[in-house]
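What follows is one structure encoded as structure tokens, with my remarks underneath.
Chains as they are written, first to last, in full-length UniProt numbering: chain C, 1 to 390; chain G, 1 to 390.
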């Protein structure tokens with residue numbers, strides 16, 4: 001005989017954690033840090049639409065639109081192109097969980113904080129992680145990468161296209177071809193480049209990439225676009241045993257996102273409303289125009305910072321238009337300065353990570369925030385608030 | 001010498017995937033399926049607020065509010081209580097990834113679709129999965145569970161509190177005590193019960209639980225609340241080796257959500273705005289009142305369905321107030337009927353899963369959707385549209 005529960009008694013509920021709160025009231029911020037950046041008003045309005053069901057045919061159509069526009073943004077024909085129902089880090093792990101098998105040699109090129117994360121993730125899936133390293137602020141030359149491919153013959157190479165901790169843009173010419181010569185899959189982090197700097201996944205021979213919603217796409221954080229090309233799909237098919245991660249199993253995900261529409265999990269409906277609008281706006285502007293705008297405003301920022309006597313951390317040839325690292329001047333407490341800028345002016349800039357901690361500020365101009373008026377506002381504020389700048 | 005990229009040429013961008021779309025326009029739905037349910041207007045308004053940074057002190061305060069209100073909703077003091085930055089399935093996997101080690105015996109009690117998922121997930125982490133089974137529509141007695149604990153001496157027992165595929169509420173009396181007697185961790189799925197039916201995690205001796213944002217909390221999908229108690233924390237500490245999942249590593253997550261505030265990933269800021277409002281509204285109504293409302297409206301629905309001559313799939317003693325399974329009458333194409341209800345009336349009901357596929361409809365009354373007027377609307381529509389109902 002199955003036992004039934006006693007009916008709930010009002011006195012039984014413990015009130016200890018029952019906070020009594022006012023309705024949400026958050027401050028307005030201009031987000032010029034490493035992300036999130038401000039979301040476009042149309043994106044926010046879309047997120048406030050009442051949700052439909054995650055298997056509603058109107059939502060399935062929207063899923064197709066999101067996939068197609070992601071292909072445009074990445075310049076890829078990859079069938080397996082979807083937003084993972086989590087943030088960019090989970091999209092990253094999707095690539096690794098699905099294609100790494102125990103004992104695979106995974107070459108990680110580290111020139112900042114995020115390379116270390118790549119190594120940590122890969123090691124959790126049993127990869128034999130091999131590291132090549134450059135100081136923060138530098139990029140890898142094709143020769144350096146190819147030498148490592150020759151030496152280690154890795155099954156995968158993990159590379160960061162836009163290093164958000166360092167402000168470096170990795171040159172991609174020849175890298176994909178070199179990986180193909182050595183039978184290596186190329187995994188490229190495009191978290192801070194998708195929609196902001198020139199990116200041609202297929203032309204570059206990139207096999208897998210991941211990004212996020214909250215940087216150059218002007219959407220809040222919460223979705224992690226991922227794309228997996230034919231060579232990586234082959235690797236998937238030749239796996240022995242299940243992917244050791246259920247939520248990020250791309251085969252299960254693609255049955256939901258593909259024509260089968262098999263239930264896997266409940267997609268974040270409203271986040272996808274937002275991402276669809278963000279991608280629609282990007283397509284409306286056009287990739288070229290968006291890239292050029294990011295470049296133009298970055299140059300304005302660089303000139304402005306230098307006019308204040310500040311020193312940029314990355315050589316112009318490798319400097320990332322979407323995220324600028326600038327040295328904190330002598331005698332200034334970088335963290336306290338950023339905090340007062342946030343509290344007194346509502347403007348967020350980022351502090352350093354990893355080897356750049358305490359040394360640089362990180363200034364992002366991403367998505368709709370890449371605008372001349374934002375550059376002018378920030379430069380004016382720095383001029384007013386930095387001792388000695390005039 | 002590092003190679004630089006050629007400047008982007010306008011002609012270089014491939015326009016093949018550049019969809020030209022109208023602004024988002026989605027239909028209004030009354031979501032009476034297995035979830036998502038309709039979000040509360042205040043929740044949607046909160047989600048449309050401009051995001052602040054994920055390390056902004058105002059957001060860190062909000063994170064604390066969300067954690068505290070989750071403890072209230074679950075009736076637990078667990079320190080490790082957070083919303084995972086993904087959907088409920090990822091919260092589920094968080095429990096498993098962190099506490100299962102290769103070779104652990106994991107007892108899964110299956111009385112519906114979701115028990116099979118529990119077994120699949122656990123097997124991916126190397127568990128020795130042992131299954132006990134009941135037909136859909138039934139629950140496990142304490143005697144049956146204890147007999148399996150005695151026989152298999154598992155390190156974990158996975159149990160579904162509210163089986164969303166079957167519409168069954170699992171009686172919990174004595175289960176936690178039995179697990180403690182056998183040194184077994186109790187993992188309880190509360191995806192369709194949190195906020196909707198009486199739930200006392202600590203009093204019941206539940207060691208871990210997970211839920212979602214989109215059912216009885218009236219928030220869109222996108223966050224997966226998870227809570228991990230002291231006995232499960234002990235297991236965490238005694239692990240050998242890293243958790244084989246980076247994104248869901250609760251130790252890394254708790255450094256971000258705890259007092260350390262160490263950067264791990266970028267939290268879905270706007271989704272957390274929404275969840276904070278959803279939990280605030282639940283605390284304002286009070287758990288008792290919310291549970292009683294769900295029960296009252298479920299009884300209205302059951303009476304209404306029976307008055308139409310329809311047969312409910314679950315015995316009243318085990319019937320889940322938040323999700324009702326009702327047999328599709330002879331001669332009716334259940335899927336086509338649900339589709340026409342959606343397209344012609346804007347009302348979503350769910351079809352069957354697993355052994356109930358093609359046999360039942362699933363009607364959810366969750367969160368703010370648990371209201372007498374919704375029950376009346378649905379019963380009226382069924383009366384009009386079902387052949388023979390009058």
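We put the beta carbon where it would ideally sit given N, CA and C, even for glycine.
Asked                                                                                                                   : Found
C-beta atoms of residue 94/G and residue 250/G nearer than 8 Å                                                          : yes
CA nearest to the CA of residue 314/G, picked from 266/G, 363/G, 288/G and 87/G                                         : 363/G
Contact list for the stretch 18-44 of chain G against chain C, Cβ threshold 8 Å                                         : 18, 19, 20, 21, 23, 24, 26, 27, 28, 29, 31, 33, 35, 36, 38, 39, 42 and 44
Beta carbon of residue 421/C nearer than 8 Å to that of residue 80/C                                                    : Residue 421/C falls outside the range modelled here, since chain C spans only 1 to 390, and no answer is possible.
Rounded C-alpha distance that separates residue 170/C from residue 318/C                                                : 7 Å
Presumed contact (8 Å Cβ cut-off) between residue 189/G and residue 114/G, rounded CB distance                          : 6 Å
Cutoff 6 Å; reference residue 386/G; Cβ partners in own chain excluding five residues on either side                    : none
Whole-Å CB distance - residue 48/C paired with residue 45/G, under 8 Å assumed                                          : 6 Å
Spatial neighbours of residue 78/G in its chain, beta-carbon cut-off 8 Å, leaving aside the 5 residues before and after : 71, 201, 202, 227, 228, 229 and 230
Same chain, Cβ closer than 8 Å to residue 126/C, neighbours up to 5 away in sequence not counted                        : 100, 101, 102, 103 and 104
Burial state of residue 163/C (16 or more Cβ within 10 Å)                                                               : buried
Interface partners of residue 298/C on chain G, CB under 9 Å                                                            : Neighbours of residue 298/C on chain G: none; closest Cβ ~14 Å, over 9 Å.
Inter-residue spacing [alpha-carbon to alpha-carbon] between residue 142/G and residue 154/G                            : 16 Å
Own chain, CB closer than 6 Å to residue 342/G, minus 5 neighbours either side, in chain order                          : 348
Partners in chain G for residue 54/C, counting only beta-carbon separations shorter than 9 Å                            : 35, 36, 214 and 221
Boundaries (first-last residue) of the beta strand (DSSP E) holding residue 25/G                                        : First-last for residue 25/G: undefined, no H or E at that position.
Among 380/G, 354/G, 384/G and 373/G, nearest to residue 135/G - alpha-carbon criterion                                  : 354/G
Closest residue to residue 356/C among 243/C, 174/C, 276/C and 167/C (Cα-Cα distance)                                   : 167/C
Minimum length 4: unbroken alpha helix (DSSP H) runs contained in the stretch 93-179 of chain G                         : 113-124 and 142-152
Of the residues 276/G, 147/G and 297/G, the one placed nearest residue 66/G, counting alpha carbons only                : 276/G
Through-space distance from residue 389/G to residue 222/C, alpha-carbon basis                                          : 45 Å
Partners in chain G for residue 75/C, counting only beta-carbon separations shorter than 8 Å                            : 13 and 14
Assumed close pair residue 392/C, residue 84/C - CB separation to whole angstroms, cut-off 8 Å                          : Residue 392/C falls outside the range modelled here, since chain C spans only 1 to 390, and no answer is possible.
Proximity test, Cβ basis, 8 Å: residue 285/C and chain G                                                                : no
Residue-chain proximity (residue 127/G, chain C), Cβ-Cβ < 8 Å                                                           : no
Between the CA atoms of residue 43/C and residue 239/G - distance to the nearest angstrom                               : 43 Å
Listed by chain order, chain C residues near residue 324/G by CB distance under 7 Å                                     : None at all; the shortest Cβ gap to chain C is about 17 Å.
Sequence-distant residues of the same chain with beta carbon closer than 7 Å to residue 345/C, five excluded per side   : 381
CB contact below 8 Å: residue 99/G versus chain C                                                                       : no
Separation of residue 288/C from residue 10/G, as counted between CA atoms                                              : Low local confidence applies: a pLDDT of 45 at residue 10/G is under 50, so the model's placement there is unreliable, and no value is given.
Pairwise C-alpha distance: residue 274/G and residue 76/G                                                               : 22 Å
C-alpha gap between residue 259/C and residue 259/G, whole angstroms                                                    : 45 Å
Range covered by the alpha helix (DSSP H) that runs through residue 379/C                                               : 372-385
Per-residue burial, residue 56/G [other beta carbons within 10 Å of its own, 16 or more giving buried]                  : buried
Contacts that residue 265/G makes with chain C (C-beta to C-beta distance below 7 Å)                                    : 87 and 89
Per-residue contacts from residue 120/C into chain G (C-beta, under 9 Å)                                                : 242 and 246
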